[in-house]
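Here the sequence shown is numbered in this note's numbering, starting from 42 and rising by one per residue.
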Amino acid sequence: MLPVAVDAMGGDRSPGEILAGAHAAAAQGIPVVLVGPEGLDGCGDLPLIAASEVIAMDDDPAQGVRRKKDSTLVRAAEAVRDGRACAMVSAGNTGATMASALLRMGRIRGVNRPAIAT
Numbered sequence: 042m043l044p045v046a047v048d049a050m051g052g053d054r055s056p057g058e059i060l061a062g063a064h065a066a067a068a069q070g071i072p073v074v075l076v077g078p079e080g081l082d083g084c085g086d087l088p089l090i091a092a093s094e095v096i097a098m099d100d101d102p103a104q105g106v107r108r109k110k111d112s113t114l115v116r117a118a119e120a121v122r123d124g125r126a127c128a129m130v131s132a133g134n135t136g137a138t139m140a141s142a143l144l145r146m147g148r149i150r151g152v153n154r155p156a157i158a159t
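Put into structure tokens, the structure is as follows:
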């Protein structure tokens, strides 16, 4: 089963709360791959996809995705696109999460508007 790509740097209480949630999910048998800066403390035995940039909550979503190509959100979307993850999760900038998914993965044929799960 492919892992869920988790943006370790998204949200107001990252990375601490995100890492705690990722470890809790992994303990329940959900495969997780973290996306964050190389050498991120607290990863434990969870795999990490390195990303050197973060799209902040106040960044313009589309510009953030286009300019920060090595951001956690972009790398998570690329992991799904490339078949290294089955889904991506972020507590960060919602607009940038949607933009990274649309620009990196595209749309499913016949689906006009993407959905957001909460």
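For glycine and all other residues, C-beta sits at the position ideal for the given N, C-alpha and C. What you are looking at is a predicted structure, and each value in this text was computed from that prediction instead of being measured.
CB contact flag (residue i, residue j, <9 Å)
i      : j     : result
Ala120 : Ile90 : yes
Arg116 : Val76 : yes
Ala46  : Val74 : yes
Pro56  : Gly85 : no
Residue(s) in a DSSP beta bridge with residue i
i      : result
Ser112 : Glu94
Asp48  : Val76
Leu89  : Leu75
Delimiting residues of the beta strand (DSSP E) encompassing residue i
i      : result
Ala128 : 128 to 130
Contact belief for residue i with residue j at Cβ below 8 Å, rounded distance in angstroms
i     : j     : result
Gly52 : Ile59 : 6 Å
Endpoints, the alpha helix (DSSP H) within which residue i is located
i      : result
Thr135 : 135 to 146
Ala158 : First-last for Ala158: undefined, no H or E at that position.
Leu59  : Note on identity: in this sequence residue 59 is Ile, with Leu being the wrong assignment. Taken as a continuous stretch (DSSP letters only), the alpha helix (DSSP H) holding Ile59 covers 57 to 68.
Closest by C-alpha distance to residue i, when choosing among the options
i      : options                       : result
Thr159 : Ala49, Arg148, Ala137, Ser131 : Ser131
Ala175 : Arg148, Ala118, Gly124        : Look at the range of the chain in this structure, 42 to 159, and you will see that residue 175 is not part of it.
Ala97  : Gly151, Asn153, Ala49         : Ala49
Ile157 : Leu144, Gly147, Thr135        : Thr135
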